[in-house]
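Residues 1 to 294 (the numbering used here) make up the sequence shown, in order.
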Amino acid sequence: MQNRAVKKLPVILDGRVVRDEIQKRLKKEFAALAHPPVLAIVQVGDDLASGAYIKQKALFGAFVGARVIHEKLPLGVNEKDVTDCIHALAANPSVFGVIVQLPLPPHLSREHILDFVPYEKDVDGLSDASGFVPATARGVYELLSHYDISVTGKKVAVFGRSLIAGGPIAQLLSAKGARVSVIHSKTPPRSAQKISRASDIVIVAIGKPKFIGLEYFRGDKTQVVVDVGINRMETGEVLQEEMPRTKLIGDVDFDEVKNMVAAISPVPGGVGPMTVACLFENLRDAFTSRGTRC
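In structure tokens, the structure reads:
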């Protein structure tokens, strides 16, 4: 991180600021097109969190001038019905991106369904053949880049190895020249803490609220922390129809850790906004060059 980025510690890695810049750029690019690209989203069931994420994508698409198609299938649908839906959407020449909203119900094969998305339209980057950087990984990298935090030659600890977050993040940062150590559920706690404390950048994507505390950091205010976790916790309040009010919590104990590090991303407002923005950057890339610009 350059000196100008650390005048006041910790630096808050605000993904909303970067998202807004991406929005403006994409809006200008799409406005110049006669027929802006279409993003198709396939959802199975009525998962509330999935519905909220789809709404975010639809709102972002409307702002930048991209059309979003939302195909919602019933919870008990069979695998063939899902793949038939994907095939029909992908066959539309106006559709340049097809994504399957996760999670899927347990009776459906996530791997088979994701691999059915044509690689040139897999803007989520989750199929084996996709040429796109998954949106969350791209979001993490672009967030760091915006704040002049280079990963080249840096020791990076990545907590988690999921298909959506940890795995792609580790792969991308390795390709960018980082020395990556992946920490997962089988890593002994003491080893995980030792690796984390020795790292320049710590990225956490494990889905455990406030799991990472001060024992994972040196405390010398030189480390950078990116919290990818999005955990919904009940606040104790009840909304209409007896639905509990929830709030978003990260995997890192933000209040405990923030004064020990040079920079940290908040939850909400860190990686989350970047993920949606980078999905539409992938859509733009699918339209313009069928490649990935990151």
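We put the CB at the ideal spot given by N, CA and C, even for glycine.
Given the structure is predicted, the values throughout are model-derived calculations rather than measurements.
Original post:
Helix, strand or coil: how does DSSP classify L33 here?
Top reply: In the sequence shown, counting from the first residue as 1, residue 33 sits at position 33. The answer is coil: DSSP assigns L33 none of H, G, I, E or B.
**OP:** Note down the Cα distance separating P93 from I54, rounded to an integer number of angstroms.
**Re:** Taking the sequence shown and counting its residues from 1, one reaches residue 93 at position 93. Taking the sequence shown and counting its residues from 1, one reaches residue 54 at position 54. Each residue's alpha carbon lies about 22 Å from the other.
Original post:
Under 7 Å, do A157 and S181 count as touching if we go by C-beta distance?
Top reply: The residue you call residue 157 lines up with position 157 of the sequence shown. The residue you call residue 181 lines up with position 181 of the sequence shown. Yes, these two residues count as a Cβ contact at 7 Å.
Subject >> Three or more C-beta pairs below 8 Å linking the segment 204 to 213 and the segment 172 to 179 >> reply: no
Subject >> Given A178 as reference, the closest of T222, V202, H184 once Cα atoms are compared >> reply: Position 178 of the sequence shown, counting from 1, holds the residue named residue 178. Residue V202 is the option with its Cα nearest to A178.
Original post:
What's the C-alpha gap between K80 and D47?
Top reply: In the sequence shown, residue 80 corresponds to position 80, counting from 1. In the sequence shown, residue 47 corresponds to position 47, counting from 1. About 21 Å.
**OP:** Could you work out which residue in G153, K8, D253 is closest to N231 when comparing CA atoms only?
**Re:** Stepping through the sequence shown from its first residue, residue 231 is reached at position 231. Out of G153, K8, D253, D253 has the C-alpha closest to the C-alpha of N231.
Original post:
From this set, G51, I99, F159, which residue's C-alpha is nearest A205's C-alpha?
Top reply: The residue labelled residue 205 in the question sits at position 205 within the sequence shown. Considering only alpha carbons, the answer is F159.
Subject >> Distance CB(F287)-CB(P37) smaller than 7 Å >> reply: Locating residue 287 in the sequence shown gives position 287, counting from the first residue. Locating residue 37 in the sequence shown gives position 37, counting from the first residue. Result yes, Cβ atoms of F287 and P37 sit closer than 7 Å.
**OP:** Whole angstroms is fine: what's the gap from V238's alpha carbon to T246's?
**Re:** Position 238 of the sequence shown, counting from 1, holds the residue named residue 238. Position 246 of the sequence shown, counting from 1, holds the residue named residue 246. Since pLDDT at V238 reaches only 47, below the 50 mark, its modelled position is unreliable, and the value read off the structure follows with that caveat. Approximately 9 Å between the Cα atoms of the pair.
Original post:
Going along the chain, which residues of its own chain have a beta-carbon closer than 6 Å to the beta-carbon of L89, five neighbours each way excluded?
Top reply: Here residue 89 is taken as the residue at index 89 of the sequence shown, counted from 1. Closer than 6 Å at the Cβ level, and outside the excluded window around L89, lie A40, V95, V98.
**OP:** Measure the C-alpha to C-alpha separation of G250 and V225 and round it to an integer number of angstroms.
**Re:** If you number the sequence shown from 1, residue 250 lands on position 250. If you number the sequence shown from 1, residue 225 lands on position 225. Taking the straight line joining both Cα atoms gives about 12 Å.
Original post:
Going straight from the alpha carbon of N259 to that of G219, what length do you get?
Top reply: If you number the sequence shown from 1, residue 259 lands on position 259. If you number the sequence shown from 1, residue 219 lands on position 219. Computed Cα separation, rounded: 8 Å.
**OP:** Can you give me the start and stop residues for the alpha helix (DSSP H) that V82 sits inside?
**Re:** For the purposes of this step, residue 82 is identified with residue 82 of the sequence shown, where counting begins at 1. Unbroken alpha helix (DSSP H) run through V82: 79 to 90.
**OP:** Please report the Cβ distance between V64 and T136, rounded to the nearest whole angstrom; I am assuming they are in contact, meaning their Cβ atoms lie under 8 Å.
**Re:** Indexing the sequence shown from 1 puts residue 64 at position 64. Indexing the sequence shown from 1 puts residue 136 at position 136. With 8 Å as the limit, V64 and T136 do not qualify as a contact, their Cβ atoms being about 19 Å apart.
Original post:
Taking Cβ positions, are G270 and G15 nearer each other than 7 Å?
Top reply: Counting from one through the sequence shown, the residue named residue 270 turns up at place 270. Counting from one through the sequence shown, the residue named residue 15 turns up at place 15. Yes, the pair counts as a contact, with Cβ atoms nearer than the cut-off.
**OP:** Quickly, what does DSSP pair A40 with across the bridge? List them, please.
**Re:** In the sequence shown, counting from the first residue as 1, residue 40 sits at position 40. In DSSP, A40 forms a bridge with I69, V98.
**OP:** Classify G76 as buried or exposed, calling it buried when 16 or more other Cβ atoms lie within 10 Å of its own Cβ.
**Re:** Here residue 76 refers to the residue found at position 76 of the sequence shown. Per the 10 Å Cβ criterion, exposed.
Original post:
Is it right to say T275 is buried, meaning 16 or more other beta carbons lie within 10 angstroms of its own, or is it exposed?
Top reply: Here the question's residue 275 lines up with position 275 in the sequence shown. Its Cβ being crowded by 16 or more others within 10 Å, T275 is buried.
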